[in-house]
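This report concerns only the one structure given below.
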Amino acid sequence: MRASTIIALASSTLVAAAPTPRDTSSSSNIFEISDFVFGCTNDCGWSFKATITGSNPPTHPSLDTPVTCAGNFNVQDPSSGQQYVDCSATGDAKTSLVANIDPKTNVLSLLYLVSAPEDGNNYRYLGQKEVYAVTGPDADKQAADFSVPQTFEAATPIF
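Numbered according to mature numbering (1 follows the signal peptide of the UniProt record, and there is no 0), the sequence shown spans residues -17 to -1, 1 to 142.
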């Protein structure tokens, strides 16, 4: 065998054995929101149910059973205006969902957290959408059920 053939075979073997990163982004990863209520009188409060579509275990399992998220502007961090609240348990110790509505912009932020010890990383998926209070001038713009696309935010090593 010629040396160039041996080198070519060795190179192709190394390339085939090299690990490939997982594709953690998908246009099918969606937060599905239902029973959304957001209103302000003396305080602004909100609640909704959420499921998560798009399944790519272990880095992005779907969440088929709705979880409940609820909060108000009293739990906001005064320095940043942001304070995520834990939604109800997802039924899987490796996943959680947290939510927030920014009082300055009325942007709903959803953060899906996934621990994947199989590959040694924690994954974060973010979705954001402007929402409208039922007590505000744009109340007719707010649907009770809607979708929020997810974007992959980060993968950090598990220590």
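No residue lacks a Cβ here, since even glycine has one placed at the ideal position from N, Cα and C.
Query - DSSP three-state assignment for K112, whether helix, strand or coil - result: Within the sequence shown, the letter at position 129 stands for residue 112. DSSP places K112 in strand when its eight states are reduced to three.
Query raised in the report: Comparing alpha-carbon positions, which option in K77, A72 and S30 lies nearest E101?
Result: Here residue 101 corresponds to residue number 118 of the sequence shown, with the count starting at 1. The shortest C-alpha separation from E101 is found at K77.
**Report entry** Nearest neighbour of Y67, chosen from C52, D75 and P41 [CA to CA]
**Finding:** Locating residue 67 in the sequence shown gives position 84, counting from the first residue. Answer by Cα proximity: C52.
Query - Cα-Cα separation, K124 to V114 - result: Here residue 124 is taken as the residue at index 141 of the sequence shown, counted from 1. Here residue 114 is taken as the residue at index 131 of the sequence shown, counted from 1. Distance between the alpha carbons of K124 and V114 is about 8 Å.
**Report entry** Proximity below 9 Å, CB of S98 to CB of Y106
**Finding:** For the purposes of this step, residue 98 is taken as residue 115 along the sequence shown, with counting starting at 1. For the purposes of this step, residue 106 is taken as residue 123 along the sequence shown, with counting starting at 1. Closer than 9 Å, so yes.
Report task. Please classify N25: does DSSP put it in a helix, a strand, or coil? Result -> Position 42 of the sequence shown, counting from 1, holds the residue named residue 25. Here N25 sits in coil by DSSP.
Report task. Could you tell me which residues DSSP pairs with G54 in its beta bridges? Result -> Here residue 54 is taken as the residue at index 71 of the sequence shown, counted from 1. BP columns for G54 point to W29.
Query - Straight-line Cα distance separating L91 from S30 - result: Mapped onto the sequence shown, residue 30 falls at position 47. Mapped onto the sequence shown, residue 91 falls at position 108. Approximately 11 Å, taken between the alpha carbons.
Requested in this report: Give the range of the beta strand (DSSP E) segment to which S98 is assigned.
Outcome: Locating residue 98 in the sequence shown gives position 115, counting from the first residue. Element bounds for S98: V90 to A99.
Report task. Please report the Cβ distance between L93 and G110, rounded to the nearest whole angstrom; I am assuming they are in contact, meaning their Cβ atoms lie under 8 Å. Result -> If you number the sequence shown from 1, residue 93 lands on position 110. If you number the sequence shown from 1, residue 110 lands on position 127. With a Cβ gap of about 4 Å, L93 and G110 count as contacting.
Query raised in the report: For T134, which residues from the same chain have a beta carbon less than 8 Å from its beta carbon, with the 5 sequence-adjacent residues on both sides left out?
Result: Start at 1 with the first residue of the sequence shown, and residue 134 comes out as number 151. Contacts found: S8, Y108, L109 and G110.
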